[in-house]
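To start, the structure itself, in structure tokens.
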Amino acid sequence: MLLKQIDRLLNPPGIAVVQTITIPDQRYHQYRKTHDWIQKHIFPGGLLPLLTILTQTMTRHSRLMIDHAQNIGNHYATTLACWQKNVQANQEQITQLGFDRTFQRKWAYYLGSCEAAFRARVLGNLQLVLTREGNDAMKTGSSE
35 MLLKQIDRLL NPPGIAVVQT ITIPDQRYHQ YRKTHDWIQK HIFPGGLLPL LTILTQTMTR
95 HSRLMIDHAQ NIGNHYATTL ACWQKNVQAN QEQITQLGFD RTFQRKWAYY LGSCEAAFRA
155 RVLGNLQLVL TREGNDAMKT GSSE
């Protein structure tokens, strides 16, 4: 379990920053009953978390707490658009590396659909700053 390991390895005055792609809480129960295109073609066996379950798991299995959370999904959409543009501009080189047109179309679809999902807030990209209760280093902005 990732959160348990972070808690175990984190120095007492330390912080950890975790970035994760999430889905809205309201869609989670339906989402986990299905296997979407990304789970089938890009991340077999993958399952996106949601903030509620992350915090519940953190509470049950660690001493960690969230000090700061930010959804950078809209910025990540811009990143995906840049990746898509770079892939399109380099199709010939990608083919020379042994990746056929079917593979390239699959990734173009993946990048484009994810860009749209982040822009529409169907997906989130959370950056979480984790620490422990009583971390005095957080008051001064310094941590070891």
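In the numbering used here, the protein residues as written are 35 to 178. Heads up, the beta-carbon is just placed ideally off N, CA and C, and yes, glycines get one too.
query: Within 10 angstroms of its Cβ, does isoleucine 187 collect 16 or more other Cβ (buried), or is it exposed?; result: No statement about residue 187 is possible, as the shown extent of the chain runs from 35 to 178 and does not include it.
query: Does threonine 56 come out as helix, strand or coil in the three-state DSSP assignment?; result: strand
query: What first and last residue would you give for the beta strand (DSSP E) that runs through isoleucine 49?; result: Taken as a continuous stretch (DSSP letters only), isoleucine 49 belongs to no beta strand (DSSP E), as it is neither H nor E.
query: Enumerate, from N- to C-terminal direction, the unbroken alpha helix (DSSP H) stretches of 4 or more residues contained entirely within the segment 56-89.; result: 62-65 and 71-75
query: Look at the Cβ atom of leucine 36, then the Cβ atom of aspartate 101, and state whether they are nearer than 8 Å.; result: no
query: Please report the Cβ distance between glycine 146 and glutamine 118, rounded to the nearest whole angstrom; I am assuming they are in contact, meaning their Cβ atoms lie under 8 Å.; result: 6 Å
query: Does DSSP put arginine 166 in a helix, a strand or coil?; result: strand
query: Going straight from the alpha carbon of arginine 94 to that of leucine 160, what length do you get?; result: 20 Å
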